[in-house]
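Chemist: To start, I am sharing the structure in question, which I have written as structure tokens.
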Amino acid sequence: MLAELRQKAQVTIPKEIIIKLGLSEGDKLDIFEKDGSICIMPVAVYPKKYLDELQQEIGEIKAKIASGEQPVFDSVDALFDKLEAE
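In terms of my numbering, the sequence shown has 229 at position 83, counting the first letter as 1, and numbering is strictly consecutive.
Structure representation (structure tokens):
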């Protein structure tokens, strides 16, 4: 598909691509150059505080797994079997 570079370096993304990727107004896009091509990639942006809290929670869970305090299951079925037995 052909797009035209407009005033203020604006480009319209074809509607077919917007629909196919499920994009909507306000979505964030990462735009970068790679090997002479312009690449546009949809991204999710989260507040730094949320990511810091998530990283801390993951660290706590990893510590529990390492200490044996948090059980680890080989499958979702094994988890449900354990929960049903309790």
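Using N, Cα and C, we set each Cβ at its ideal position, and we do this for glycine too.
So what does DSSP say about residue 179, is it helix, strand or coil?
Modeler: Locating residue 179 in the sequence shown gives position 33, counting from the first residue. Note: residue 179 maps to strand in three-state DSSP.
Chemist: Alpha carbon to alpha carbon, how far is residue 218 from residue 211? Give it in angstroms, no decimals.
Modeler: The residue you call residue 211 lines up with position 65 of the sequence shown. The residue you call residue 218 lines up with position 72 of the sequence shown. Approximately 7 Å, taken between the alpha carbons.
Chemist: Return the CA-CA distance between residue 179 and residue 187, expressed in angstroms with no decimal places.
Modeler: Position 33 of the sequence shown, counting from 1, holds the residue named residue 179. Position 41 of the sequence shown, counting from 1, holds the residue named residue 187. In a straight line, the C-alpha of residue 179 is about 11 Å away from that of residue 187.
Chemist: Within the same chain, show all residues whose beta-carbon is closer than 8 Å to that of residue 225, passing over the 5 residues directly before and after it, in chain order.
Modeler: In the sequence shown, counting from the first residue as 1, residue 225 sits at position 79. For residue 225, where only same-chain residues beyond five positions count, the Cβ hits under 8 Å are 219.
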